[in-house]
Structures are given as C-alpha cells and as structure tokens.
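Undergrad:
Residue numbers (full-length UniProt numbering): 1 to 121.
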C-alpha cells in the first residue's frame, strides 16, 4: 500500500499576500463612509433660538430664569447652553401642554358625566 503524501504548499500560498498598491488603498479609503462628527455638547443662544423658534434674547431669559442650563465659556466669554438642557426643556414643555389639555378637557366635562354611570338604552 502506498501512502498518500500531500503536495507542499506553493510559495504563493504559504506567504502572506502583499499589501494592496497605494492607489487601491487610497480609492478604498475615499469610498469609505466617513463617520458623522459628534454633536457638540454646547449650543449657542442663536442655535437654541432656532431650535425652539424663539429670539436669542428669550433664550437668555430662560437661562436667567433657570429653565435652561447655560454658562459663559471661552475668551471672550459667550453664553453656551447644554444640549441635554434643551432636550429636557422640550420634554418639560410637552408635559406641560399635555397637562393643560387634560385640564381644559376636564373643565369642559360636566360632573354628572364624570361621576354617574350612563344608563343603557
């Protein structure tokens, strides 16, 4: 009986492949999707005003009233508002409008409708 011996790997199979030519690597890098830049943690009053459909002075009033978290940063110092603070403000405004709508709805209802069960017809 003869033993089967595997052929030795060719030189091409045993060594790692060469790196792709520079042009091919550049083309691959060019076609790759660039990651989006991370959003800034702070917004200017003008950016916040645009998001909230307000005037920049009204944004500064919200900061002074404590409804938005802001700080004077940089040199020269300019107002900046935390992005998370704007999101919290929007959630707060949404909840406030929801409660007001429920209040108006409850004021429009008559008490007999609320407390007395309806008769079946």
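Glycine is no exception: its CB is placed at the ideal position from the N, C-alpha and C atoms.
Which residue comes first and which comes last in the beta strand (DSSP E) that contains residue 73?
TA: In the chain shown, the residue the question calls residue 73 occupies position 73. First-last of the beta strand (DSSP E) with residue 73: 70-73.
Undergrad: Ignoring anything shorter than 3 residues or poking outside the UniProt domain "Helix-turn-helix" (42-90), list the beta strand (DSSP E) runs there in chain order.
TA: Entirely contained in the UniProt domain "Helix-turn-helix" (42-90), the beta strand (DSSP E) runs reaching 3 residues are, in chain order, 70-73 and 78-82.
Undergrad: Please name the residue, chosen from 107, 93, 78 and 76, that lies closest to residue 67 on a Cα-to-Cα basis.
TA: Along the chain shown, read from residue 1 onward, the residue named residue 67 stands at position 67. The option with the nearest alpha carbon to residue 67 is 93.
Undergrad: Report yes if the C-beta distance between residue 69 and residue 84 is below 9 angstroms; otherwise report no.
TA: Numbered from its first residue, the chain shown carries residue 69 at position 69. Numbered from its first residue, the chain shown carries residue 84 at position 84. It is a contact, given that the beta carbons lie within the stated cut-off.
Undergrad: Would you identify the three-state DSSP class for residue 97, choosing helix, strand or coil?
TA: Here residue 97 is taken as the residue at index 97 of the chain shown, counted from 1. Reduced to three states, the DSSP call for residue 97 is helix.
Undergrad: Where does residue 49 land, buried or exposed, given buried means 16+ other C-beta within 10 angstroms?
TA: Working through the chain shown from its first residue, we reach residue 49 at position 49. It is buried - the Cβ of residue 49 has at least 16 other Cβ atoms within 10 Å.
Undergrad: Let's test the definition: count the other Cβ atoms within 10 Å of the Cβ of residue 79 and tell me whether it reaches 16, buried, or not, exposed.
TA: Taking the chain shown and counting its residues from 1, one reaches residue 79 at position 79. It counts as buried.
Undergrad: On a CA-only basis, which of 98, 99 and 88 is nearest residue 62? Give me that one, please.
TA: Position 62 of the chain shown holds residue 62. Closest by C-alpha distance to residue 62, out of 98, 99 and 88, is 88.
Undergrad: So residue 60 and residue 76 are in contact, right, with Cβ under 8 angstroms, and what is the actual spacing, rounded?
TA: Stepping through the chain shown from its first residue, residue 60 is reached at position 60. Stepping through the chain shown from its first residue, residue 76 is reached at position 76. Incorrect: roughly 16 angstroms between the Cβ atoms, too far for contact.
Undergrad: If we call anything under 9 angstroms between Cβ atoms a contact, is residue 81 one with residue 43?
TA: Position 81 of the chain shown, counted from the start, is the residue given in the question as residue 81. Position 43 of the chain shown, counted from the start, is the residue given in the question as residue 43. Closer than 9 angstroms, so yes.
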